[in-house]
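Quick note: the sequence shown uses full-length UniProt numbering, first residue 1, plus one each step. Right, one structure below, let's go through it.
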Amino acid sequence: MEDQQAPQPAEGEAKVITLCGSITFEAEFAEVNQRLTMEGCVVISLGMFSLPDLPDYDWTVDSADLKGRLGAVHLQKIRMADEVYIVDPGGYVGESTRREIAYAESLGKPVRYLSRERTAR
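Now the structure itself:
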């Protein structure tokens, strides 16, 4: 595989960071999003943490296709990022997040972890 260099934001432009992790960590996503935004970053996060309650809509009928569509959208969010930030309280990384990390690394994107930053503090 070729040595790939992650794109860097142009001078004066904010770094774009995509958050990845389990949807069970909604509060931690909000905390990280706020902190990175306050640091001047453009943050791309998960689109939803649970399915919306829509009258007359049966999510069970759409669930298989929905998961694939949401996964594809998240991979596009990773492609758009200068960096990927893993929201992993306690070091937990599930199967989907491991795939996203591997994808980001295959694109040469830097990957940071919340758990490692908390340990370093």
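For every residue, glycine included, the Cβ atom is placed at its ideal position computed from N, Cα and C.
DSSP places V16 inside the beta strand (DSSP E), whose first and last residues are 16–21.
Assigned with DSSP and collapsed to three states, V93 falls in coil, not helix or strand.
Cβ atoms of Y113 and V32 stay farther apart than 8 Å, at about 11 Å.
Looking at the DSSP output, I86 shares a beta bridge with C20, Y113. Taking the CA atoms as reference points, A102 sits about 14 Å from T18. I44 and A81 do touch by the CB rule: their CB atoms are close to 6 Å apart, below 8 Å. Bridge partners of V42 according to DSSP: V16.
Take the alpha-carbon of G91 and the one of T24: they are about 13 Å apart.
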